[in-house]
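Peer 1: Heads up: the sequence shown at position 92 corresponds to 604 in the working numbering, and the numbers run straight through without jumps.
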Amino acid sequence: MLAHLSVDPLLIEAFSRDEDIHARTAREIFGVPAGLQTHEHRRMAKAINYGVVYGLSSFGLAGRTGTSKTEAQQYIDAYFKRYSKVKEYLDGLVEEARRTGRVRTLFGRLRPIPEINSKDVPARNRAEREAMNTPMQGTAADLLKLAMVKVQARLHGEKMRTRMILTVHDELVFEAPEVEADRAREVVRAEMEGAWPLKVPLRVDVGVGQNWKEAK
513 MLAHLSVDPL
523 LIEAFSRDED
533 IHARTAREIF
543 GVPAGLQTHE
553 HRRMAKAINY
563 GVVYGLSSFG
573 LAGRTGTSKT
583 EAQQYIDAYF
593 KRYSKVKEYL
603 DGLVEEARRT
613 GRVRTLFGRL
623 RPIPEINSKD
633 VPARNRAERE
643 AMNTPMQGTA
653 ADLLKLAMVK
663 VQARLHGEKM
673 RTRMILTVHD
683 ELVFEAPEVE
693 ADRAREVVRA
703 EMEGAWPLKV
713 PLRVDVGVGQ
723 NWKEAK
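Next comes the structure, spelled out in structure tokens:
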């Protein structure tokens, strides 16, 4: 979502090439080649990728990575220097919220951000994080619902007995007769990956098993 919404060319390139974005961040921020990266490098890169774009402060990032506040700020600065369009996009979201009191998802769903101009600093900081977070997580939620409609229509159109039974965050759970399992996998993947045209390809993992645990 971030690559599409921010139109950052380096992020678009990374996802278009199906790169491991956490490995790429570890390489670019820490200067560690992929072959020499440890679990700790990946953990810290993951914290940076997820934390920075949701407005995590240097104090918060330091707590998640076990580094000093100064080091954490250096990581944040390095990230935004590398992905400058991301910085512009996030700043623009906060500015839009300050001006209009709301933000919107890619599909136009609005969320009011009433405390964005609050004089209470913690409340205002929280509102700024909501302004940055909502368009990405909200768009992802919208996209999942659109995919659900498309998958269901396809299953019905092909007169399949596979049934959608559960959503869990960004996952869909289906029950399918064993003879339909392979076809159901194809349908689900095709409709979810093609739910909406984005600037980067959507990748969907599909598992099959006798129960949810096996399928994961």
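Cβ coordinates follow ideal geometry from the N, Cα and C atoms, glycine included.
1. What whole-angstrom Cβ distance do Phe542 and His553 have, given they're in contact under 8 Å?
2. Can you tell me whether Phe686 is buried or exposed? The criterion is at least 16 other CB atoms within 10 Å of its CB, across all chains shown.
3. Any idea which residues DSSP pairs Arg623 with across the strands?
4. With H, G and I counted as helix, E and B as strand and the rest as coil, what does DSSP make of Met676?
5. Could you work out which residue in Tyr562, Ser528, Val699 and Asn629 is closest to Gln649 when comparing CA atoms only?
6. For Tyr601 versus Leu517, is the C-beta distance shorter than 8 Å?
7. Can you find at least 3 beta carbon pairs, one from the segment 660–672 and one from the segment 627–636, that sit closer than 8 Å?
8. Quick one: measure Cβ to Cβ for Ala559 and Arg576, integer angstroms, because I've assumed they're closer than 8 Å.
9. Measure the C-alpha to C-alpha separation of Leu605 and Leu568 and round it to an integer number of angstroms.
10. Touching or not, the segment 571–585 and the segment 645–660, by the rule of three or more beta carbon pairs under 8 Å?
11. Rounded to the nearest angstrom, how far is the Cβ of Thr646 from that of Val598, given a contact under 8 Å?
12. Taking only the alpha-carbon atoms, compute the straight-line gap between Asp520 and Pro689 and give it to the nearest angstrom.
Peer 2: By the coordinates alone:
1. 6 Å
2. buried
3. Val615
4. In this structure, DSSP gives Met676 an extended state, which the three-state scheme calls strand.
5. Answer by Cα proximity: Tyr562.
6. yes
7. As far as the Cβ criterion goes, the segment 660–672 does not touch the segment 627–636, which means the pair count is below three.
8. About 4 Å separates the beta carbon of Ala559 from that of Arg576, a gap short enough to meet the 8 Å contact definition.
9. 15 Å
10. no
11. The Cβ separation is near 16 Å, so there is no contact.
12. So the two alpha carbons sit approximately 43 Å from each other.
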